[in-house]
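Participant:
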Amino acid sequence: MAAALALAVAACGMDFSSEAPPGPDPARSNARKLRDPVYSQSVLGEGGLTLFGNSGANTSSDGATGIGVNSFLWRASLDTLSFMPLSSADPFGGVIITDWHTPPEAPDERFKMTVYILDRALRSDGVRVAVFRQIRGTSGDWIDAPINPRTGGDLEDRILERARQLRIASVGE
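Note that the numbering used here has the sequence shown beginning at 11, numbered continuously upward.
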């Protein structure tokens, strides 16, 4: 019975010849597809993904780069908050979060800031700063305290001023 089964399988007409199958060579066809611009389009779009700097695709001076937010606002925010320790910086989402900072002249209070860069354009409404303040209680624990509402606006103005300086400096280069 086993011999009959083996003979039936062998008679199925399987061709083990070394001749190439008819039609184009698939290896050459794939190589041609990779060189052909119709087949080599990126999932990320025409310019691809630029992580750092400017790839040359965007030669405008508006500060739009591959980081998802305006590069002048981003750098100006980091420059303005450079005196505070950074907790998190997300260049794609445009959020900078500082850690708590205690000024030397006021050891019983500390500040924390969150900067939101809201636009790819250098605009006055493209940045928001949230400022948090805590004071040391009598038992040594930190208690949330009110902050002057103008503090966030003043920091936004400084960031915008620094961003304008960076933009002017980049145009002059």
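Even glycine gets a Cβ: it sits at the ideal position worked out from N, Cα and C.
Note that the coordinates shown come from a computational prediction; the quantities given were computed from them, not determined experimentally.
Tell me the start and end of each unbroken alpha helix (DSSP H) in the region 75-137 that is at least 4 residues and wholly inside, in chain order.
Facilitator: Counting only runs of 4 or more, we get 81-90.
Participant: Which partner residues does Q144 have in the DSSP bridge list?
Facilitator: R120 and D154
Participant: Could you please give the first and the last residue of the uninterrupted alpha helix (DSSP H) stretch that includes S149?
Facilitator: Unbroken run through S149: none, as it is neither H nor E.
Participant: Tell me which residues share the same chain as A179 and place their Cβ nearer than 7 Å to its Cβ, disregarding the 5 neighbours each side in the sequence.
Facilitator: none
Participant: For M2, I'd like the list of residues in its chain whose CB is within less than 6 Å of its CB, leaving aside the five on either flank, ordered along the chain.
Facilitator: Beyond the ends of the chain as shown, which are 11 and 183, falls residue 2; an answer cannot be given.
Participant: By how many angstroms is the C-alpha of G182 removed from the C-alpha of V141?
Facilitator: If I take the Cα positions, the gap works out to 34 Å.
Participant: Quick check: the Cα distance between R177 and D151, rounded to an integer number of angstroms?
Facilitator: Spanning the two alpha carbons is a distance of roughly 43 Å.
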